[in-house]
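Using the working numbering, read the first sequence as starting at 1 and increasing by one per residue. Each remark here refers to the structure printed beneath this line.
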Amino acid sequence: MRIATWNVNSVNARLERVLEWFESASPDVAVLQEIKCVDEKFPVEGFERLGYNVAVHGQKTYNGVAMLSKYPMEDVRRGLPFRNEDDDEVDEQSRYIEAVIGAPTPFRVAGIYLPNGNPVDTEKFTYKLAWMRRLQAHAQRLLALEEPLVIAGDYNVIPEPEDVANPEAWVNDALFRPESRGAFRALKNLGFTDAYMQADGAPHGYTFWDYQAGAWPRNLGIRIDHLLLSPQAADKLQGVVIHRDERDKEKPSDHVPVVVELSL
DNA sequence: ATGCCTAACACCGTTAGA
């Protein structure tokens, strides 16, 4: 079972590139971030033509997440709950989608677009940290189900100095601040496995390179797109591939796809 | 040096990303 995450930086601006990738990489399930469109503008037909079911949690202009699956999706959840699972308070930012994948061995996938949080002296950083607390609370409830579970997406957290080319330049950035790294560690320490670290673990496994200042040719990247596995999923981990080649294509996203293989 | 790209929206610049 191949499960992918990709921040596409506008699904419509990049549709041809994204569909090409889906055709060649052929993930069974994929979560997309920063689709940057409302549900009605999501290019459903292109994905359906490739055999995918589509679930979208869109938003005008900013954010927006989607899940594509070759298997039926059940119990689709759009938006991260605030206090408990029945809370009907809604996030005005579309950053979370979750579904049970009706494969022969069913499993659960969540797709997240965690807030960036910059600049750190603003309410944006507060919102990021609050969102991470909400994610941790929800993840804890999901772990209690003792299912194979993958929480995949753009975490906007650089976990360790080995995950960035020049750590000094990031010390006061929301992606690398101790509060963000601590919250990511706390989430992981609930019992998740970072798929990349487990299956590969080579330092500098970047997934994002800024469009500016020649970050890509100079390989000044960061590793911020992660797949966290519940114990029941981690037991099935076969491998992880970062699709770096995508960054070198014409009109690329600034993120590249990350794919895990699970023996589900 | 807080811009250097890129995208969306709506206006011909602003906001946001990371």
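For every residue, glycine included, the Cβ atom is placed at its ideal position computed from N, Cα and C.
Buried or exposed (CB count within 10 angstroms, at least 16 for buried), residue i
{"i": "R108", "result": "buried"}
{"i": "L262", "result": "buried"}
{"i": "E98", "result": "buried"}
{"i": "D245", "result": "exposed"}
{"i": "Y62", "result": "exposed"}
{"i": "N189", "result": "exposed"}
{"i": "G64", "result": "buried"}
{"i": "E34", "result": "buried"}
{"i": "V69", "result": "According to the sequence shown, residue 69 is Ser rather than Val. By the 10 Å Cβ count, S69 comes out buried."}
{"i": "N84", "result": "exposed"}
{"i": "L80", "result": "buried"}
{"i": "A169", "result": "exposed"}
Beta-carbon gap between residue i and residue j smaller than 8 Å
{"i": "V323", "j": "M67", "result": "Beyond the ends of the chain as shown, which are 1 and 264, falls residue 323; an answer cannot be given."}
{"i": "H255", "j": "F208", "result": "yes"}
{"i": "G46", "j": "L19", "result": "yes"}
{"i": "I3", "j": "V260", "result": "yes"}
{"i": "A195", "j": "V240", "result": "yes"}
{"i": "H257", "j": "W21", "result": "The sequence given here places Pro at residue 257; His does not occur at that position. Contact flag set, yes."}
{"i": "D163", "j": "R247", "result": "no"}
{"i": "N166", "j": "L220", "result": "yes"}
{"i": "L228", "j": "E179", "result": "no"}
{"i": "P115", "j": "R95", "result": "yes"}
{"i": "D225", "j": "G153", "result": "yes"}
{"i": "Q198", "j": "L237", "result": "yes"}
{"i": "I158", "j": "A139", "result": "no"}
{"i": "A183", "j": "M132", "result": "yes"}
N-terminal and C-terminal residue of the alpha helix (DSSP H) that residue i is part of
{"i": "E45", "result": "V44 to R49"}
{"i": "V18", "result": "L15 to A25"}
{"i": "H226", "result": "No alpha helix (DSSP H) holds H226; the beta strand (DSSP E) holding it covers D225 to L229."}
{"i": "M132", "result": "E123 to L143"}
{"i": "L187", "result": "P178 to K188"}
{"i": "A202", "result": "Where A202 is concerned, there is no enclosing alpha helix (DSSP H), given that its DSSP letter is neither H nor E."}
Residue i - containing beta strand (DSSP E), residue span
{"i": "F107", "result": "F107 to Y113"}
{"i": "G153", "result": "L149 to D154"}
{"i": "Q33", "result": "V29 to Q33"}
{"i": "R2", "result": "R2 to N7"}
{"i": "G239", "result": "L237 to I242"}
{"i": "L68", "result": "V65 to S69"}
{"i": "A55", "result": "N53 to H57"}
Pick from the options that is closest to residue i, judged by C-alpha positions
{"i": "T126", "options": "Y113, D88 and A174", "result": "A174"}
{"i": "R181", "options": "N166, V258 and Y155", "result": "Y155"}
{"i": "A186", "options": "V164, Q136, E85 and D225", "result": "Q136"}
{"i": "P72", "options": "T61, P231, V90 and G51", "result": "G51"}
{"i": "Q232", "options": "A110, V65, G153 and L149", "result": "L149"}
{"i": "L15", "options": "K41, G79, A169 and V29", "result": "K41"}
{"i": "E74", "options": "G191, P161, A110 and E48", "result": "A110"}
{"i": "E250", "options": "Y211, E23 and P178", "result": "Y211"}
{"i": "P203", "options": "T122, E160 and I35", "result": "E160"}
{"i": "M1", "options": "Q33, G201 and P27", "result": "P27"}
{"i": "V8", "options": "D200, R134 and Y113", "result": "Y113"}
{"i": "V38", "options": "E48, K60 and R17", "result": "K60"}
Nearest-angstrom beta carbon gap, residue j and residue i [assumed within contact, 8 Å]
{"i": "A55", "j": "V76", "result": "5 Å"}
{"i": "E89", "j": "F82", "result": "4 Å"}
{"i": "T105", "j": "L264", "result": "5 Å"}
{"i": "F176", "j": "S230", "result": "Going by Cβ atoms, the distance from F176 to S230 rounds to 26 Å, so no, they are not a contact pair."}
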